[in-house]
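To convert, note that position 24 of the sequence shown is 419 in our numbering; the numbers rise steadily by one, no gaps. Worksheet: one structure, shown below.
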Amino acid sequence: MNLLTEALIWIGDPAHWAGADGITHRLLQHLGIVALVVVLAAAIALPAGVLVGHTGRGRGLVVATAAAGRAVPTLGLLTLIGLLVGIGLQAPVLALVVLAIPSMLAGAYSGVEAVDPATVDAARAVGMTEWQIVRRVELPLAGPVIVGGLRSAVLQVVATATLAAYVADSGLGRYLFTGLKARDYPLMLAGSLLVVLLALLLDGALGLAHRGITRATTPDAPPRRSTPTEGLR
């Protein structure tokens with residue numbers, strides 16, 4: 396029996412879905428960590444990105460911050476924060492927020508900046524305030540790019556949240572560390588498969604949202620008029 400078969404059998408065993416160490420409980424813990432991190436990162440990155448995209452101020456700082464954030468080794472950052480704040484969820488949450496901010500920041504900034512300046516000027520010409528321009532013009536048009544950045548951040552957080560089990564007994568990563576310690580490789584593979592499945596489901600849901608927003612913000616092409624010669628063909 397190969398590792399994949401053993402891992403699938405382990406996942407399919409109803410006994411492994413119940414209890415404090417069951418798949419259901421670990422899955423909910425993982426989703427809770429992801430949701431908390433995404434909300435905290437969005438509260439920081441989206442307003443900053445929209446502000447920079449609207450005003451054009453601090454563009455270089457945003458680009459540098461996004462690039463630096465992507466280069467930070469998450470495990471090293473998690474270990475450092477863990478040494479500072481101790482064992483628990485604080486360290487992985489803070490580390491994952493740092494990981495999630497660059498994608499959201501870049502998406503918000505580039506999406507708002509890409510809005511046609513003529514559209515913004517037209518909004519100002521009809522008497523809209525800057526806040527109204529952001530809320531009624533730029534955010535709707537930048538929606539697809541912003542959701543794209545959010546989608547990228549969510550996938551990064553889902554995959555990297557497995558490291559939360561490194562300093563806290565929480566999430567699907569517990570199966571990976573337990574399996575590694577006991578050399579139970581089918582358990583490690585089962586944990587990996589669960590993380591992959593969760594990432595695919597969330598990516599599919601966000602992909603549907605992305606397509607819906609894109610469709611809603613993209614004007615329909617005008618109907619093509621037929622020429623008199625086409626009717627004679």
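A virtual CB, placed ideally from N, CA and C, is assigned to each residue, including glycine.
(message) Measuring only the C-alpha atoms, how far is residue 492 from residue 552?
(response) Mapped onto the sequence shown, residue 492 falls at position 97. Mapped onto the sequence shown, residue 552 falls at position 157. Residue 552 has its alpha-carbon roughly 8 Å from the corresponding atom of residue 492.
(request) Could you check what DSSP says for residue 547 in three-state terms: helix, strand or coil? (result) Position 152 of the sequence shown, counted from the first residue, corresponds to residue 547. It is helical.
(request) Could you round the C-beta distance between residue 543 and residue 607 to whole angstroms and report it? I think they count as a contact, below 8 Å. (result) On the sequence shown, residue 543 is found 148 positions in, with the first residue counted as 1. On the sequence shown, residue 607 is found 212 positions in, with the first residue counted as 1. About 13 Å; that fails the 8 Å criterion.
(request) Identify, in the order they occur along the chain, each residue of the same chain with its Cβ nearer than 8 Å to the Cβ of residue 419, setting aside the five sequence neighbours on each side. (result) Translated into the one-based positions of the sequence shown, residue 419 becomes position 24. Apart from the 5 residues on each side of it in sequence, residue 419 sits with its Cβ closer than 8 Å to the Cβ of 412 and 413 in its chain, given in chain order.
(request) For residue 424, count neighbouring C-beta atoms within 10 Å of its own C-beta (all shown protein chains included) and say buried if the count is 16 or more, exposed if not. (result) By 1-based counting over the sequence shown, the position of residue 424 is 29. That one is buried.
(request) Report yes or no: do the segment 480 to 491 and the segment 522 to 529 share at least 3 C-beta pairs separated by less than 8 Å? (result) At 8 Å Cβ cutoff, the stretches do not touch.
(request) Find out if the Cβ-Cβ distance for the pair residue 538, residue 450 is shorter than 7 Å. (result) Working through the sequence shown from its first residue, we reach residue 538 at position 143. Working through the sequence shown from its first residue, we reach residue 450 at position 55. With contacts defined as CB atoms closer than 7 Å, residue 538 and residue 450 fail to qualify as a contacting pair.
(message) Here's a check: name, in chain order, each residue in its chain whose Cβ is nearer than 8 Å to the Cβ of residue 605, leaving out the five neighbours to either side.
(response) The residue given as residue 605 occupies position 210 in the sequence shown. Counting only Cβ-Cβ distances below 8 Å, and skipping sequence neighbours, we find 539, 542, 543 and 546.
(message) When you compare the CB positions of residue 549 and residue 433, do they come within less than 7 Å of one another, or not?
(response) By one-based count along the sequence shown, residue 549 stands at place 154. By one-based count along the sequence shown, residue 433 stands at place 38. The Cβ atoms of residue 549 and residue 433 sit closer than 7 Å to each other.
(request) May I ask you to verify whether the segment 439 to 454 touches the segment 496 to 510, counting CB pairs closer than 8 Å and requiring at least 3? (result) Cβ pair count under 8 Å is three or more, so yes.
(request) For the alpha helix (DSSP H) holding residue 406, just list the boundary residues, first then last. (result) Counting from one through the sequence shown, the residue named residue 406 turns up at place 11. First-last of the alpha helix (DSSP H) with residue 406: 398 to 407.
(message) I'd like to check one pair, residue 473 with residue 487: are the Cβ atoms closer than 7 Å?
(response) The count along the sequence shown starts at 1 and reaches residue 487 at position 92. The count along the sequence shown starts at 1 and reaches residue 473 at position 78. Yes, the Cβ-Cβ distance between residue 487 and residue 473 is below 7 Å.
(message) Can you give me the C-alpha to C-alpha distance between residue 512 and residue 574, rounded to a whole angstrom?
(response) Stepping through the sequence shown from its first residue, residue 512 is reached at position 117. Stepping through the sequence shown from its first residue, residue 574 is reached at position 179. If you take the alpha carbons of residue 512 and residue 574, they lie about 55 Å apart.
(message) Here's a check: name, in chain order, each residue in its chain whose Cβ is nearer than 7 Å to the Cβ of residue 454, leaving out the five neighbours to either side.
(response) Start at 1 with the first residue of the sequence shown, and residue 454 comes out as number 59. Non-local C-beta neighbours of residue 454 in its own chain, meaning closer than 7 Å and more than five positions away in sequence, comprise 447, ordered along the chain.
(request) Closer than 6 Å by C-beta to residue 529: which residues in its own chain qualify, once you throw out the five before and the five after it? Chain order, please. (result) Taking the sequence shown and counting its residues from 1, one reaches residue 529 at position 134. Around residue 529: 449.
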